[in-house]
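*Asks:*
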Amino acid sequence: MSSKQTVNPKLETQNSKPDRHPMDELLREDRLPHIWCSGCGIGVALTCFIKALQKCGLDLDKVVVVSGIGCTGRVAGYVNLDSFHTTHGRAIPFATGLKLANPELKVVVFSGDGDLIAIGGNHLIHAARRNVNMTVICVNNFNYGMTGGQVGPTTPPGAITSTSPYGCFEHPFNLPYLAAASGAVYVARWTTLHVRRLEKSILEALHKRGFSFVEIISPCPTLYGRWNKQRTGLAQMQYYHDQGVIRHGLDPKEADIGLHGEIIEGVFVHIEKPTFLDFCSDALAKSVG
Amino acid sequence: MNGEGVLTGEFFMMGDVACAEGAISAGCRFFAGYPITPATETAERMAERMPQIGGTYVQMEDELASMITVLGASWGGVKAMTATSGPGFSLMMENLGWGIMTETPCVLVNVQRGGPSTGLPTLVGQGDMMQARWGSHGPYEIIALAPSSPQELFDLTIRAFNLSEKYRTPVLVMTDAEVGHMTEKVVIPPPEEIETFPRRKPTVPPHEYLPYKADDDLVPPMANAGEGYRFHITGLTHDERGYPVIDAETQDKLITRLVEKIRKNKDDIIQLEENGLEDAEVVLCSYGISARTALWPVELARREGIKVGTLRLITVWPFPEERIRQLAGRVRAFVVPEINYGQIALEVERCASGQAEVTLVGHAGGDIHEPERVLEAIRRAVR
Ligand SMILES: Cc1ncc(C[n+]2csc(CCOP(=O)(O)OP(=O)(O)O)c2C)c(N)n1
Ligand code: SF4
Ligand SMILES: [Mg+2]
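From first to last, the protein sequence lines stand for chains F and A.
So the number in my numbering is just where the residue sits in the first sequence, counting from 1, plus 18.
So the number in my numbering is just where the residue sits in the second sequence, counting from 1, plus 66.
Quick look at the structure:
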């Protein structure tokens, strides 16, 4: 491989190609095309994230993206920022290490429902409890996409997946409720249909001090949709259109999602409280000097 | 390296605490862990000391988190460590593999207790030596050091940090409950006498930086997050750009380099302590607490006229294959006491490959060897 294939197209080609896509600056062009299926919602989620980054005014050299493993976990590999593709479930504690080691960083975790809520669920609730400064973006496609569409902790009861052939027998987590109860200072949910609101929420989350959480309900037509009467990305978007209901400030306890049922969206939590690092510096100033 | 935080002086200090002080002297400024006997005292010392010197202590929700948090902190640009024991060590294995694959410097201390499972929380074991070698999945090389005293726990923790930066890999300090909980004289030298190895930083501008393009010694320089290099790091098989490439050719190139960067530098990494091997007929080969408790039976055997020498493995992994091979050509036997049912003894046997007999003096754990058993094994070796 020639060293010409550099990792930072931004620095080399800025202003030199007038036909570049406005988002190319923040994407690793040399890694495209991406692996996602047509109709998949992860690309939409990423687009909203990139747009929010372009507007956020943060020093992008200090913005770090951390993903776990899954289709969504591949996001880290496409953003032209410092980015880490960690182990399954461990994006949040990795991000905790980064942030506490270098508080100047803005750390964003971008991963899937299986990664963040099943195998990584314990880390999610504890990072929210500690109120570590980070933004967590969770793409919820109601199943494990990467491994072929298995049942997961957000699969609605009754939904068919490759490992729930008779319908899901379990109660799902309501993610905004979980994040809020765990201590997150910013909690929102949007579908990939509501892109402007989603982008605005990501922007708010990026600017929030403390643990912010944005759930993105997203189509996986290849697997989840195919088995649950929403065979295309478009069919899933139609569902979000028909059943999406915006209720800002609602008690997230009320935001359960049933099979083909209403999807309540909005910003549910937007509060202030001291972060882990605030506590550290206050307490230490007093006791250690 | 500035000497801030180095607690120069002579102390009566517990091994676990000496470990924490060694880390601090090496420049460690981040500890993430989860309480577990007999490693807890290291965490407690770090919780007290880190804030005093601008470092961070964070108690995680489990050891899965502890290990990956340490890796995150290392990419944040800080020397970082964790300390645990058997059950926690098991939980750290997957993320240890991520550290090896992504070449992330850090130190993992295992104060071994009796296992398997919860086993003997407060009592000694040395049953994790093969787990240290092979505990994470896939082919790899690892560096593991085995201290025999609190002083050495101090010294080798410093060395572990230096090796981890020099070779860009997690380094294991495989101590045990006896050494960790032993209180003894520990001398902490003045900072200017403590050698520390700084991170190997890239010398090229960001647009020329390839995160996995290695220097001549097979180790690539490392940019930290937030320095403007805009790199991508993955535990997937990757090329020099750090981009995932899922094929056998890339795997071969990467894994060969990861393995070779340790194998080719093994003379620098391997440290042994030898005594009386010149005319030895029997080699008492051991490590950690078992090397120390073997000193008395070796002395008794010598008084009986048996020509026995000692080979103490300060570095256990990579294994000192060549030295064992050389010795096997001219001695009658190796006697290997260890607090397990045969782990390092298997390695000695492999390297001796039939040229000399190898006797394991095994122990299920919970106590050190009775001198008589080791002495009897030495006697039998020359019979
Ligand atoms: C420890 C471990 N267990 C299992 C896997 C296999 N695995 C890879 S991705 C994945 C699920 C991903 O689901 P989700 O986070 O929802 O991401 P999606 O693919 O749906 O975006 C699993 C189980 C793994 N990589 N590591
Ligand atoms: S399997 Fe599903 S989640 Fe994965 S890329 Fe395809 S549509 Fe997206
Ligand atoms: Mg999913």
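All C-beta atoms in this analysis are idealised placements derived from N, C-alpha and C, irrespective of residue type, glycine included.
Give me the subset of the stretch 183-205 of chain F whose CB atoms are less than 8 Å from a CB atom of chain A, sorted by chain position.
*Replies:* Here the close residues number zero.
*Asks:* Who are the neighbours of V136/A on chain F, taking C-beta pairs under 7 Å?
*Replies:* Taking the first residue of the second sequence as position 1, residue 136/A is located at position 70. Within chain F, the residues near V136/A are G115.
*Asks:* Quick one: which chain A residues come within Cβ less than 7 Å of D296/F?
*Replies:* Numbered from its first residue, the first sequence carries residue 296/F at position 278. Here the premise fails: no neighbours, minimum Cβ distance about 14 Å.
*Asks:* Please state whether the Cβ-Cβ distance between I209/A and S91/A is less than 9 Å.
*Replies:* As a working note, residue 209/A is residue 143 in the second sequence. As a working note, residue 91/A is residue 25 in the second sequence. In this structure, S91/A does not lie closer than 9 Å to I209/A by Cβ.
*Asks:* If you measure from the CB of Y275/A, is any heavy atom of ligand 3 nearer than 8 Å?
*Replies:* In the second sequence, the residue the question calls residue 275/A occupies position 209. Checking every heavy atom of ligand 3 against the Cβ of Y275/A, none is found closer than 8 Å.
*Asks:* Between the Cα of G262/F and the Cα atoms of Q248/F, I282/F, R244/F, which residue gives the shortest distance?
*Replies:* In the first sequence, the residue the question calls residue 262/F occupies position 244. When only C-alpha atoms are compared, the closest one is I282/F.
*Asks:* For the candidate residues I155/F, Y258/F, T240/F, whose alpha-carbon lies nearest to that of T250/F?
*Replies:* Working through the first sequence from its first residue, we reach residue 250/F at position 232. Out of I155/F, Y258/F, T240/F, T240/F has the C-alpha closest to the C-alpha of T250/F.
*Asks:* Run through the stretch 200-275 of chain A for me and flag every whole beta strand (DSSP E) of 3 or more residues, listed as ranges in chain order.
*Replies:* Whole beta strand (DSSP E) segments, 3+ residues: 209-211, 236-242, 249-254.
*Asks:* In the DSSP output, what is W383/A paired with across the bridge?
*Replies:* Your numbering for residue 383/A matches position 317 in the second sequence. Beta-bridge pairing links W383/A to A210/A.
*Asks:* Assign A303/F to one of two classes, buried (16 or more other C-beta atoms within 10 Å of its C-beta) or exposed (fewer than that).
*Replies:* Position 285 of the first sequence, counted from the first residue, corresponds to residue 303/F. Label assigned to A303/F: exposed.
*Asks:* Note down, in chain order, all residues in the stretch 40-68 of chain F with a beta-carbon under 9 Å from any beta-carbon belonging to chain A.
*Replies:* Within the stretch 40-68 of chain F, the residues whose Cβ lies closer than 9 Å to some Cβ of chain A are R46, D48, R49, listed in chain order.
*Asks:* Are the CB atoms of G292/A and D100/F nearer to each other than 9 Å?
*Replies:* On the second sequence, position 226 is the one that residue 292/A refers to. On the first sequence, position 82 is the one that residue 100/F refers to. For G292/A and D100/F, yes; Cβs fall inside 9 Å.
*Asks:* With a floor of 4 residues, list each alpha helix (DSSP H) that falls wholly inside the stretch 139-194 of chain A, ordered by position along the chain.
*Replies:* Counting whole runs of 4 or more residues, the stretch 139-194 of chain A contains the alpha helix (DSSP H) stretches 152-168.
*Asks:* Tell me which residue opens and which closes the alpha helix (DSSP H) that V414/A is part of.
*Replies:* Counting from one through the second sequence, the residue named residue 414/A turns up at place 348. Counting along the chain, the alpha helix (DSSP H) containing V414/A begins and ends at 410-418.
*Asks:* Is it buried or exposed, Q254/F, if we count other Cβ atoms within 10 angstroms and call 16 or more buried?
*Replies:* Here residue 254/F refers to the residue found at position 236 when the first sequence is read from its first residue. So Q254/F ends up on the buried side.
*Asks:* Within the stretch 204-261 of chain F, note down every full beta strand (DSSP E) run reaching 3 residues or more, in order along the chain.
*Replies:* Listed in chain order, they are 204-209, 229-235.
*Asks:* So what does P310/A bridge to, in DSSP terms?
*Replies:* Stepping through the second sequence from its first residue, residue 310/A is reached at position 244. DSSP, once it has assigned bridges, lists H304/A as partnering P310/A.
*Asks:* Identify whether L128/A lies in helix, strand or coil by the three-state DSSP scheme.
*Replies:* In the second sequence, the residue the question calls residue 128/A occupies position 62. The sequence shown places Asp at residue 128/A, rather than the Leu named in the question. Here D128/A sits in coil by DSSP.
*Asks:* Label H304/A either buried or exposed according to how many other C-beta atoms from any shown protein chain fall within 10 Å of its C-beta, with 16 as the threshold for buried.
*Replies:* Start at 1 with the first residue of the second sequence, and residue 304/A comes out as number 238. Buried, by the Cβ-count rule.
*Asks:* Take Q421/A as the anchor and find which of I405/A, V402/A, P403/A, Q392/A has the nearest alpha-carbon.
*Replies:* Reading the second sequence from its first residue, position 355 is the one you call residue 421/A. Nearest of I405/A, V402/A, P403/A, Q392/A to Q421/A, Cα basis: Q392/A.
*Asks:* Please identify, using Cβ separations under 8 Å, the residues of the stretch 64-94 of chain F that lie next to chain A, in order along the chain.
*Replies:* Listed by position, the residues of the stretch 64-94 of chain F near chain A (Cβ gap below 8 Å) are D79, K80, V82, V84, A94.
*Asks:* Using only the alpha-carbon positions, how far apart do D433/A and V190/A sit?
*Replies:* Start at 1 with the first residue of the second sequence, and residue 433/A comes out as number 367. Start at 1 with the first residue of the second sequence, and residue 190/A comes out as number 124. So the alpha carbons of these two residues sit roughly 6 Å apart.
*Asks:* List the endpoints of the continuous alpha helix (DSSP H) containing A403/A.
*Replies:* Along the second sequence, one-based indexing puts residue 403/A at 337. For the sequence presented, residue 403/A should be read as Pro rather than Ala. Segment 399-403 is the beta strand (DSSP E) holding P403/A; no alpha helix (DSSP H) there.
*Asks:* Considering H144/F, what are the terminal residues of the alpha helix (DSSP H) in which it resides?
*Replies:* Position 126 of the first sequence holds residue 144/F. 139-148 is the span of the alpha helix (DSSP H), which, as asked, contains H144/F.
*Asks:* Distance cutoff 9 Å, beta carbons only. Does D300/F sit that close to anything in chain A?
*Replies:* On the first sequence, position 282 is the one that residue 300/F refers to. Output row for D300/F: interface = no.
*Asks:* For A360/A, which of E347/A, G371/A, G375/A, E110/A has the nearest alpha-carbon?
*Replies:* For the purposes of this step, residue 360/A is identified with residue 294 of the second sequence, where counting begins at 1. Nearest of E347/A, G371/A, G375/A, E110/A to A360/A, Cα basis: G375/A.
*Asks:* Could you tell me which residues DSSP pairs with K124/F in its beta bridges?
*Replies:* Along the first sequence, one-based indexing puts residue 124/F at 106. V81/F.
*Asks:* Determine whether the Cβ of A443/A lies closer than 9 Å to any Cβ atom of chain F.
*Replies:* Counted from its first residue, the second sequence places residue 443/A at position 377. Taking Cβ atoms only, chain F never reaches closer than 9 Å to A443/A, which makes this a no.
*Asks:* What are the residues in the stretch 97-109 of chain A lying within 8 Å of chain F by C-beta distance?
*Replies:* Of all residues in the stretch 97-109 of chain A, A98 have a Cβ within less than 8 Å of some Cβ in chain F.
*Asks:* Residues of the stretch 98-125 of chain F in Cβ contact with chain A at a cutoff of 7 Å, in chain order, please.
*Replies:* Those residues of the stretch 98-125 of chain F that come within reach of chain A (Cβ to Cβ, closer than 7 Å) are N98, L99, D100, S101, F102, H103, T104, T105, R108, P111, F112, A113, T114, G115, L116, L118, A119, N120, E122, L123.
*Asks:* In whole angstroms, what separates the C-alpha of V245/A from that of V448/A?
*Replies:* By 1-based counting over the second sequence, the position of residue 245/A is 179. By 1-based counting over the second sequence, the position of residue 448/A is 382. For V245/A and V448/A, the distance between alpha carbons rounds to 31 Å.
*Asks:* M133/A by DSSP, collapsed to three states: which one?
*Replies:* To locate residue 133/A, count along the second sequence from 1; it is residue 67. It is helical.
*Asks:* I'd like the list of long-range same chain contacts for A418/A, defined as Cβ closer than 7 Å, with 5 residues on each side in sequence excluded.
*Replies:* To locate residue 418/A, count along the second sequence from 1; it is residue 352. Here the set comprises I390, A394, F400, V424.
*Asks:* Which whole-angstrom value is the C-beta distance of A86/F and D133/F, which I expect to be below 8 Å?
*Replies:* In the first sequence, counting from the first residue as 1, residue 86/F sits at position 68. In the first sequence, counting from the first residue as 1, residue 133/F sits at position 115. A small fix is needed here, since residue 86/F is Gly in this sequence, not Ala. With a Cβ gap of about 4 Å, G86/F and D133/F count as contacting.
*Asks:* Hey, A136/F and V127/F: beta-carbon distance below 9 Å or not?
*Replies:* For this step, residue 136/F is matched to residue 118 along the first sequence. For this step, residue 127/F is matched to residue 109 along the first sequence. Contact: no.
*Asks:* Within the same chain, show all residues whose beta-carbon is closer than 7 Å to that of F294/F, passing over the 5 residues directly before and after it, in chain order.
*Replies:* Mapped onto the first sequence, residue 294/F falls at position 276. The answer, listed in chain order, is R148, N149, V150.
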